[in-house]
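Reviewing the structure listed below.
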Amino acid sequence: RRFAFDMRMRLMMEHTGLPRKDLLDPSSLTTFEQIKGRSQSNTLIYREIFRCYPDDMVQSLSQVKQFEAAKSLELYDEKKALIRGHIVDYPLDFLKNESLDIKLTDGLPFWLPNKSFV
Numbered sequence: 012r013r014f015a016f017d018m019r020m021r022l023m024m025e026h027t028g029l030p031r032k033d034l035l036d037p038s039s040l041t042t043f044e045q046i047k048g049r050s051q052s053n054t055l056i057y058r059e060i061f062r063c064y065p066d067d068m069v070q071s072l073s074q075v076k077q078f079e080a081a082k083s084l085e086l087y088d089e090k091k092a093l094i095r096g097h098i099v100d101y102p103l104d105f106l107k108n109e110s111l112d113i114k115l116t117d118g119l120p121f122w123l124p125n126k127s128f129v
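According to my numbering, the sequence shown is numbered sequentially starting from 12.
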């Protein structure tokens with residue numbers, strides 16, 4: 012029983028970047044708000060620097076190049092100290108304005124180049 016608790020705590024601390032004392036009650040509203048705040052903060056930093064997708068700001072294929080062009084890799088050294096843990100928001104609105112149906116009669120469509128995924 013102690014093994015599972017210790018493993019959960021280590022994983023939560025690694026992924027959220029929060030201290031152990033803040034993660035003791037994972038079902039508390041305070042813990043949820045801290046985790047959500049951290050994921051939102053990390054998402055904004057990664058978005059500003061790397062512009063990697065999937066990202067909620069890219070809702071159609073026509074926005075991909077414009078979104079990618081705005082990356083600022085030179086900010087990495089300045090902003091890396093602000094990144095805590097690995098947690099980021101899950102993009103629920105990525106390509107939401109596109110029809111992503113695959114039609115087998117048309118062959119496999121080309122949606123995004125492989126080099127796009129960081």
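Built from N, CA and C at the ideal position, the CB exists for glycine as well.
Here the structure is a predicted model, which is why all the values come from computation and not from measurement.
If you draw a straight line from the Cα of Asp66 to the Cα of Leu29, it is about 24 Å long. Around the beta carbon of Tyr64, a 10 Å sphere encloses 16 or more other beta carbons of the protein chains shown; the residue is thus reported as buried.
Nearest neighbour of Gln74 by Cα position, chosen from Leu93, Asp88, Phe105 and Thr27, turns out to be Phe105. Less than 8 Å separates the beta-carbon of Glu59 from that of Ser83. Judged by their CB atoms, Thr27 and Ile98 are nearer to each other than the 8 Å cut-off. Note on geometry: alpha-carbon atoms of Phe14 and Gln45 lie some 25 Å from one another.
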